[in-house]
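A.B. asks: This is the structure I want to talk about, given as structure tokens.
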Amino acid sequence: MIYIINQHNNIIAANEFDLTNNYAQLGFPKYQENNVDYFKQLQVIQKTSDQLKIPFLKRTYYLGSGINYEHYNYNKHIQNVLFEVSDLDNTALKNNFNVDFHNGNTYSTIRTSTTSHHLKKYSNINFTVKQISFTEPPKSREGIFFIQTQDISLIQKYIRKLRLNYNHAFKTSYKLKDFQPTPIYSVSDDLSLESDNIKTMAETMVIFQIVFFIIYIFSFIYDIGIYKLLGFNSFRILKEIMLPELLIGSLLPLTGGIIYELLERETSIIWDSVSLLLLIALLELVFTYGLVTLLQYIPTNRLIIKQSYARKLFEVSFISKGLLLIFLLSTALPLANTEFQILKNLSHPQTSTYSKYVNFYPNMQGYNEELSPMRLTKIEQKYLYPKLENDGSLFIDTSQIITSNPYYQRSVDINTNYLRFNPLYNLSNEKITINQNEHRSIILLPQKNMKYRSRISNYFVDKLKLRPHFVIIKNNQYIFDTQGRKKNNYAYINVFTRKNVSKDVILDIFTGDADDTIKIPKKGRSPKQIYRHYLSILEKYNLRDNLPQIIRSDQSRKADLANIFSEVYVDIFVIIISFVMFIMILAIMMSLYFSVYGRTFTIKQTLGMSTFRSMLNYWLLWLLQIILVIVVLSVFIQKITDPPVYLLFITAIFIDFIVSLLTIHLFSRKAVGRFLNE
263 MIYIINQHNN IIAANEFDLT NNYAQLGFPK YQENNVDYFK QLQVIQKTSD QLKIPFLKRT
323 YYLGSGINYE HYNYNKHIQN VLFEVSDLDN TALKNNFNVD FHNGNTYSTI RTSTTSHHLK
383 KYSNINFTVK QISFTEPPKS REGIFFIQTQ DISLIQKYIR KLRLNYNHAF KTSYKLKDFQ
443 PTPIYSVSDD LSLESDNIKT MAETMVIFQI VFFIIYIFSF IYDIGIYKLL GFNSFRILKE
503 IMLPELLIGS LLPLTGGIIY ELLERETSII WDSVSLLLLI ALLELVFTYG LVTLLQYIPT
563 NRLIIKQSYA RKLFEVSFIS KGLLLIFLLS TALPLANTEF QILKNLSHPQ TSTYSKYVNF
623 YPNMQGYNEE LSPMRLTKIE QKYLYPKLEN DGSLFIDTSQ IITSNPYYQR SVDINTNYLR
683 FNPLYNLSNE KITINQNEHR SIILLPQKNM KYRSRISNYF VDKLKLRPHF VIIKNNQYIF
743 DTQGRKKNNY AYINVFTRKN VSKDVILDIF TGDADDTIKI PKKGRSPKQI YRHYLSILEK
803 YNLRDNLPQI IRSDQSRKAD LANIFSEVYV DIFVIIISFV MFIMILAIMM SLYFSVYGRT
863 FTIKQTLGMS TFRSMLNYWL LWLLQIILVI VVLSVFIQKI TDPPVYLLFI TAIFIDFIVS
923 LLTIHLFSRK AVGRFLNE
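The sequence shown begins at 263 in my numbering and counts up one residue at a time.
Take a look at the structure:
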């Protein structure tokens with residue numbers, strides 16, 4: 263029922279967001295860096311729309327955790343969509359929301375003092391629809407403009423007219439190709455809906471239910487044999503062993519689901535939900551009836567004494583159980599990521615190398631909807647990085663030395679500030695100093711790697727169209743990576759100056775990693791004071807939503823852990839359900855083991871065998887299930903070497919082992935007592 267409601271809400275939210283049925287996207291040659299130019303661009307669009315009688319709107323979509331740098335909250339997951347419309351009276355958005363919009367009103371799922379009409383909220387996304395303002399500062403200068411037509415000839419005519427009006431207003435000479443729209447994410451990729459987690463949980467519960475029915479009926483093999491001996495038919499046997507439980511198990515979620523939908527005002531899907539649940543209940547009844555009927559084909563004497571048929575079926579079910587358990591635990595990957603990060607922190611304590619530095623973290627999507635990550639990187643490199651460098655920020659990128667590239671390509675990238683932070687020495691034992699205004703590409707080459715000089719030079723000339731200048735340095739000099747660890751397994755060091763960073767060279771900056779490649783000096787300031795210092799430039803170039811916070815570089819592990827915990831927080835409901843189901847399946851399988859092998863176990867115990875030897879066949883099956891899981895993961899999924907997945911696998915085995923020991927202790931005594939009484 264929960265899955266049905268969420269799927270219904272997600273479909274509606276996606277339809278409200280999607281403009282592809284009635285609108286065409288516009289493109290512009292540049293992003294406006296201030297509100298004056300933004301409003302001028304807005305007036306150009308309005309003028310063009312008035313000339314051609316085509317309404318327009320702007321869609322601004324935010325995805326992140328907010329932009330409050332003073333009190334940043336990793337656990338906040340915000341999705342806000344703002345539609346600013348030129349003419350609400352005639353907007354095609356009424357088809358998306360099934361609402362008649364009118365100029366002068368504000369419609370929103372968020373109740374505020376400026377909201378005229380409340381929109382019903384679906385899924386985890388907030389929508390606001392209002393008339394576009396030519397005087398009020400925008401929520402963000404970022405966003406995508408659309409015109410209300412899909413007529414190709416009208417779109418082409420609009421773009422031609424838009425180009426003329428734009429060039430006239432801004433005194434520019436852009437061509438038509440400069441107004442082509444940038445590709446944007448599809449609706450399914452753009453929105454972060456709840457369906458993935460809920461869908462995984464629903465699939466898990468369906469598989470669990472099927473396995474549970476098989477196991478549950480399987481545990482009644484002896485009873486089925488007795489009822490068959492008494493002449494009961496399949497329906498009467500089903501009635502005796504589980505029909506009341508089946509009916510109660512169907513009615514309870516049905517009643518709870520109806521109450522939940524009434525409370526959530528989801529009256530439009532009540533009948534669909536009831537119909538689906540009744541169908542599921544009917545399928546459960548048919549499925550269990552079919553299983554009971556099939557079991558009756560087994561000779562009665564085999565059913566009663568629980569011989570080979572039961573044992574073979576149990577062995578297959580038990581070995582296959584491992585795959586189901588891995589599927590269940592796959593929903594707990596965020597928890598595995600957290601566990602892995604904790605272990606990594608314990609095994610590699612945070613260094614104090616960068617204790618006097620801070621860095622931006624995390625890197626969020628923010629208001630960026632376009633499929634152009636390099637555009638954002640270029641803006642950061644062109645406008646923000648020079649200011650950071652002037653303030654003494656370090657740049658250190660060691661990512662190439664852990665790649666599988668040939669050794670001569672395993673480089674380290676640094677800036678000139680880094681040479682002051684961690685001096686390197688030439689063959690005369692003199693500190694290397696590079697002028698900030700150096701235009702040439704500077705390569706620091708250890709003496710032992712002189713044999714690679716021609717290869718490195720050819721690589722720069724062929725790939726980067728640059729001719730490097732080599733400075734020979736002493737061997738085995740350490741540099742510190744982004745985490746503050748010493749490294750000397752590099753082929754060469756590439757030094758970037760203020761002048762030799764060409765437009766074709768993209769630095770790996772603002773990576774989104776807690777140990778970022780840019781380290782900003784504190785100079786006696788707190789992280790909040792430093793962020794406030796750069797706030798104006800972040801806002802000017804629309805970067806505040808992407809770089810919402812600054813952290814201390816020597817507390818990067820703590821920040822990374824907080825961010826990972828936020829993923830667990832989002833998925834906590836699914837994780838708890840999966841864990842409970844995991845334990846239930848383990849316990850049920852153990853109960854079933856004693857139902858099938860209880861007599862054999864009792865005989866071995868009375869002969870004085872230890873519990874381990876009495877259950878040797880169980881532990882052999884346990885090992886076989888692990889082997890099967892490893893083979894399946896390695897062949898089909900091929901991710902068992904990923905640390906979090908590997909850790910999840912080890913955790914699952916450990917939990918399985920502990921639960922097995924506990925349930926053996928719990929069920930073995932009861933099994934011995936029961937079979938001795940027989």
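Ideal placement from N, C-alpha and C gives every residue a C-beta, glycine not left out.
Is the separation between the beta-carbon of THR660 and that of ASP743 shorter than 8 angstroms?
C.D. replies: Walking along the sequence shown from the start, residue 660 turns up at place 398. Walking along the sequence shown from the start, residue 743 turns up at place 481. Against a cut-off of 8 angstroms, the Cβ pair of ASP743 and THR660 comes out as a contact.
A.B. asks: If we count the other Cβ atoms within 10 Å of its Cβ and call it buried at 16 or more, is MET712 buried or exposed?
C.D. replies: Along the sequence shown, one-based indexing puts residue 712 at 450. With fewer than 16 Cβ atoms within 10 Å of its Cβ, MET712 is classed as exposed.
A.B. asks: Between the region 790 to 805 and the region 639 to 655, can you find at least three pairs of beta-carbon atoms closer than 8 angstroms?
C.D. replies: Yes, the region 639 to 655 is in contact with the region 790 to 805.
A.B. asks: Taking 8 angstroms as the threshold (C-beta atoms), are THR678 and THR759 in contact?
C.D. replies: Residue mapping note: residue 759 aligns to position 497 of the sequence shown, counting from 1. Residue mapping note: residue 678 aligns to position 416 of the sequence shown, counting from 1. In this structure, THR678 lies closer than 8 angstroms to THR759 by Cβ.
A.B. asks: Could you have a look at PHE482 and say whether DSSP puts it in helix, strand or coil?
C.D. replies: Taking the sequence shown and counting its residues from 1, the one referred to as residue 482 is at position 220. Note: PHE482 maps to coil in three-state DSSP.
A.B. asks: How is the alpha helix (DSSP H) around SER798 delimited, first residue to last?
C.D. replies: To locate residue 798, count along the sequence shown from 1; it is residue 536. Looking at the DSSP string, the run of the alpha helix (DSSP H) that includes SER798 is 789 to 802.
A.B. asks: Look at PRO443 and LEU650 and say whether their C-beta atoms are less than 8 angstroms apart.
C.D. replies: By 1-based counting over the sequence shown, the position of residue 443 is 181. By 1-based counting over the sequence shown, the position of residue 650 is 388. In this structure, LEU650 does not lie closer than 8 angstroms to PRO443 by Cβ.
A.B. asks: To which residues does DSSP link ASN677 through a beta bridge?
C.D. replies: The sequence position of residue 677 within the sequence shown is 415, counting from 1. According to DSSP, which records beta bridges pairwise, ASN677 is partnered with PHE758.
A.B. asks: According to DSSP, which residues form a beta bridge with VAL347?
C.D. replies: Here residue 347 refers to the residue found at position 85 of the sequence shown. Bridge partners of VAL347: LEU319 and GLN393.
A.B. asks: Tell me the DSSP secondary structure of ASP659 in three-state form.
C.D. replies: On the sequence shown, residue 659 is found 397 positions in, with the first residue counted as 1. Reduced to three states, the DSSP call for ASP659 is strand.
A.B. asks: In whole angstroms, give me the CA-to-CA distance for ASN277 and SER454.
C.D. replies: The sequence position of residue 277 within the sequence shown is 15, counting from 1. The sequence position of residue 454 within the sequence shown is 192, counting from 1. Rounded to the nearest angstrom, the two C-alpha atoms are 14 angstroms apart.
A.B. asks: Could you tell me which residues DSSP pairs with PRO730 in its beta bridges?
C.D. replies: As a first step, residue 730 must be located in the sequence shown, where it is residue number 468. PRO730 is bridged to SER703.
A.B. asks: Give the single residue among SER853, ILE920, LEU646 and LYS725 whose Cα lies nearest to the Cα of TYR793.
C.D. replies: Residue mapping note: residue 793 aligns to position 531 of the sequence shown, counting from 1. Nearest C-alpha to TYR793: LEU646.
A.B. asks: Return helix, strand or coil for MET858, following the three-state DSSP convention.
C.D. replies: Working through the sequence shown from its first residue, we reach residue 858 at position 596. The residue you asked about is not Met; residue 858 is Val in the sequence shown. The answer is helix: DSSP assigns VAL858 an H, G or I state.
A.B. asks: First and last residue of the alpha helix (DSSP H) that includes PRO648?
C.D. replies: If you number the sequence shown from 1, residue 648 lands on position 386. That run of the alpha helix (DSSP H) goes 647 to 652.
A.B. asks: Just checking, does the region 612 to 627 make contact with the region 910 to 921 on the three C-beta pairs under 8 angstroms criterion?
C.D. replies: No, they do not touch.
A.B. asks: State whether the region 435 to 449 contacts the region 346 to 360, with contact taken as three or more CB pairs (one from each stretch) at a distance under 8 angstroms.
C.D. replies: Verdict: no, contact absent.
A.B. asks: Should PHE475 and ILE409 be called a contact, given that it needs their Cβ atoms to be closer than 8 angstroms?
C.D. replies: What you label residue 475 is simply residue 213 of the sequence shown in a count that begins at 1. What you label residue 409 is simply residue 147 of the sequence shown in a count that begins at 1. No, they are not a contact pair.
A.B. asks: With distance defined between alpha-carbon atoms, name the residue in ARG717, TYR300, ILE307 and ASN697 nearest to ILE421.
C.D. replies: Here residue 421 corresponds to residue number 159 of the sequence shown, with the count starting at 1. Among ARG717, TYR300, ILE307 and ASN697, the Cα nearest to that of ILE421 belongs to ILE307.
A.B. asks: Where does ASN246 land, buried or exposed, given buried means 16+ other C-beta within 10 angstroms?
C.D. replies: This structure cannot settle anything about residue 246, because the visible part of the chain is limited to 263 through 940.
A.B. asks: Quick check: what's the CA-CA separation for ASN352 versus GLN698?
C.D. replies: Walking along the sequence shown from the start, residue 352 turns up at place 90. Walking along the sequence shown from the start, residue 698 turns up at place 436. Rounded to the nearest angstrom, the two C-alpha atoms are 58 angstroms apart.
A.B. asks: What's the call for ASN268, buried or exposed, on a 16-neighbour Cβ count within 10 Å?
C.D. replies: Within the sequence shown, the letter at position 6 stands for residue 268. Counting Cβ neighbours within 10 Å, ASN268 comes out buried, since at least 16 surround it.
A.B. asks: When you compare each of GLN662, ARG931 and LEU886 to GLY584 by their alpha carbons, which one comes out closest?
C.D. replies: Along the sequence shown, read from residue 1 onward, the residue named residue 584 stands at position 322. The residue with the shortest Cα to Cα distance from GLY584 is LEU886.
A.B. asks: Taking C-beta to C-beta, are ASN621 and ASP833 nearer than 8 angstroms?
C.D. replies: Position 359 of the sequence shown, counted from the start, is the residue given in the question as residue 621. Position 571 of the sequence shown, counted from the start, is the residue given in the question as residue 833. Cβ atoms of ASN621 and ASP833: not closer than 8 angstroms.
A.B. asks: Could you tell me the boundaries of the alpha helix (DSSP H) in which ASN352 lies?
C.D. replies: Against the sequence shown, residue 352 aligns to sequence position 90. Element bounds for ASN352: n/a, residue is neither H nor E.
A.B. asks: Under 8 angstroms, do LEU547 and LEU508 count as touching if we go by C-beta distance?
C.D. replies: Stepping through the sequence shown from its first residue, residue 547 is reached at position 285. Stepping through the sequence shown from its first residue, residue 508 is reached at position 246. Contact: yes.
A.B. asks: Going by DSSP in three states, TYR369 sits in which element: helix, strand or coil?
C.D. replies: Start at 1 with the first residue of the sequence shown, and residue 369 comes out as number 107. TYR369: strand per DSSP, three-state reduction.
A.B. asks: TYR619 by DSSP, collapsed to three states: which one?
C.D. replies: As a position in the sequence shown, residue 619 is number 357, starting the count at 1. The answer is strand: DSSP assigns TYR619 an E or B state.
A.B. asks: For LYS437, which three-state DSSP category applies?
C.D. replies: Taking the sequence shown and counting its residues from 1, one reaches residue 437 at position 175. Residue state, collapsed to three classes: coil.
A.B. asks: Pull the bridge partners of GLY289 from the DSSP assignment, please.
C.D. replies: The residue labelled residue 289 in the question sits at position 27 within the sequence shown. Answer is none; GLY289 lacks a bridge partner.
A.B. asks: Rounded to whole angstroms, what's the CA-CA distance from LYS785 to LYS618? Just pull it up for me.
C.D. replies: Your numbering for residue 785 matches position 523 in the sequence shown. Your numbering for residue 618 matches position 356 in the sequence shown. About 8 angstroms.
A.B. asks: With a 10 Å radius around its C-beta and 16 neighbouring C-beta atoms as the bar for buried, classify ASP822 as buried or exposed.
C.D. replies: Looking up residue 822 in the sequence shown gives position 560. ASP822 should be labelled buried.
A.B. asks: Does the distance from the CB of TYR369 to the CB of PRO810 come in under 8 angstroms?
C.D. replies: Along the sequence shown, read from residue 1 onward, the residue named residue 369 stands at position 107. Along the sequence shown, read from residue 1 onward, the residue named residue 810 stands at position 548. No, the Cβ-Cβ distance between TYR369 and PRO810 is not below 8 angstroms.
A.B. asks: Please say whether PRO789 and ASP653 have beta carbons closer to each other than 8 angstroms?
C.D. replies: Reading the sequence shown from its first residue, position 391 is the one you call residue 653. Reading the sequence shown from its first residue, position 527 is the one you call residue 789. No, these two residues do not count as a Cβ contact at 8 angstroms.
A.B. asks: With distances taken from CA atoms, which of TYR551, GLY518 and LEU416 is nearest LEU505?
C.D. replies: Residue numbering aside, residue 505 sits at position 243 when the sequence shown is read from its first letter. Taking only the C-alpha atoms, the option nearest LEU505 is TYR551.
A.B. asks: Can you grab the Cα-Cα spacing for the pair ARG717 / PHE772, in whole Å?
C.D. replies: Counting from 1 along the sequence shown, the entry for residue 717 is found at position 455. Counting from 1 along the sequence shown, the entry for residue 772 is found at position 510. Cα to Cα, the separation comes out at about 30 angstroms.
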